[in-house]
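Sequences listed follow chains A and B, in order. Yeah, the first sequence ends on 137 if you go by the working numbering, and it's all consecutive. Yeah, the second sequence ends on 298 if you go by the working numbering, and it's all consecutive.
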Amino acid sequence: MTDGGEAPETAAENSAELRISAGPLSAPVLCRVVSMMLARADCPLDRLDDAMLLCDALCAHAPAHVRDEHLALKVSVREGRLELRVGEMTAISAECLVQDAVLPEIGNVLEHMSDELRVDPSPDGESAELLLAMNLP
Amino acid sequence: MQLTLPARPENIAIVRHALGAFGEAFAMDSQILSDVRLAVTEACTNVVVHAYPDGSQGPMEVFANLTDKELHVIVRDEGKGITPRPDSPGLGLGLPLIASLAESVNLGRDEHERTEVQMTFSLSNEHPYDLQAKFGAANGPDQDQLLAEDKPRHSAPSTEP
């Protein structure tokens, strides 16, 4: 939800904005918020677990790349899809965050766990959003 | 931590869980964290029930900031403000409950004319019903200590000759 604007119509569709200090606090809080939203959307347990892994990986790598030591996230669950939008970044830092998530012999965790991953630069090019999306069965 | 959600009943639980994670990450005392969660639940319930009448929708924002000795929590909305409501569906116990759980409470509006409830919670363990502080044990009083407290003050008759 942004500025009290459009509101989801059903209980299964929801959105949240979270701004939190990037560090040990971010993963537990984000995981709780996302898990509650997915549970409300009747998400299967295995997929919910995948979403937790995605949140953990994001929070583990984000602190080195965010501005002001804060992680700004928009979380939405609608139309069978979980979206995490990481804001307040530059396009370069968003790309670096993704590249940092590469593990030896496994590959890029963020790419593996998400069904869609892209960096959306703002029209003026000064900032960017990192989009991570998962399809829910 | 700042969390903004649509002011809907199901989102009160999300706030409560997020605050739980916040408190656990900082190893807050469980009794204090319970008080915080209950008070913030009441404040968020007020937003859901009273802020946006006639089925209108709006945001519910929770801001939490921890210092060495205190936790500051602000619950904000963009509703009509805190006014007496004769037709209130509730018992009217929300704000008194918040006031009794928090160290201090302020009701008002912020610079953007949003309604806000500011709550401050002390992080010290001194609490009227805090047995842990009373008995000074790391994990609360053990059974012997509790029984010793309940024993009568007179001494038992000696069995020795």
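Quick reminder that beta carbons are idealized off the backbone N, C-alpha and C, glycines included.
- As the crow flies, the alpha-carbon of A/Glu116 is around 14 angstroms from that of A/Val77.
- Residues of the region 44 to 67 of chain A with a C-beta atom less than 9 angstroms from some C-beta of chain B do not occur.
- Not flagged as an interface residue toward chain A: B/Pro190, since no C-beta distance is shorter than 8 angstroms.
- At a cut-off of 8 angstroms between beta carbons, A/Arg19 contacts chain B.
- By DSSP's assignment, B/Met197 forms a beta bridge with B/Leu142, B/Asp214.
- Taking a C-beta distance under 8 angstroms as the contact criterion, A/Met134 and A/Ala72 do not qualify as a contact pair.
- In the DSSP annotation of this structure, B/Ala236 is not part of any beta strand (DSSP E); the continuous alpha helix (DSSP H) holding it starts and ends at 231 to 238.
- Residue state for A/Asp120 is assigned as strand, using DSSP reduced to three classes.
- Three or more Cβ pairs closer than 8 angstroms define a contact, and the region 38 to 52 of chain A falls short of that threshold against the region 90 to 103 of chain A.
- Per the C-alpha coordinates, the member of B/Ser237, B/Met197, B/Leu238, B/Tyr189 positioned closest to B/Asn148 is B/Met197.
- For A/Met37, at least one C-beta of chain B is nearer than 8 angstroms to its own C-beta.
- In summary, B/Leu230 is exposed, with fewer than 16 beta-carbon neighbours lying within 10 Å of its beta-carbon over all protein chains present.
- Per DSSP, reduced to three states, the secondary structure at A/Glu17 is strand.
- Judged by DSSP secondary structure, B/Ser261 falls outside any beta strand (DSSP E); it is assigned neither H nor E.
- Nearest Cα to A/Leu131 within the set A/Gly107, A/Pro28, A/Arg19, A/Leu97: A/Leu97.
- When beta bridges are read from the DSSP output, B/Glu253 appears opposite B/Arg213, B/Gly245.
- With a 10 Å radius around the Cβ and a threshold of 16 neighbouring Cβ atoms, A/His61 comes out buried.
- Residue state for A/Val66 is assigned as coil, using DSSP reduced to three classes.
- Listed along chain A are Val29, Arg32, Val33, each with a C-beta nearer than 7 angstroms to that of B/Ala155.
- Note that the C-beta distance between B/Gln139 and A/Arg19 is below 8 angstroms.
- The contact set of B/Phe159 on chain A, defined by CB atoms closer than 7 angstroms, consists of Leu25, Val29 in chain order.
- The beta carbon of B/Ala150 falls within 8 angstroms of a beta carbon belonging to chain A, placing the residue at that interface.
- A/Gly87 sits buried, since 16 or more C-beta atoms from the chains shown fall within 10 Å of its C-beta.
- In this chain, B/Leu170 is not harboured by any beta strand (DSSP E); it is covered by the alpha helix (DSSP H) spanning 167 to 183.
- Taking 8 angstroms as the upper bound for CB-CB distance, A/Leu25 and B/Phe258 are not in contact here, some 17 angstroms apart.
- In chain order, Ala16, Glu17, Leu18, Arg19, Ile20, Val29, Val33 make up the part of chain A whose C-beta sits under 9 angstroms from the C-beta of B/Leu140.
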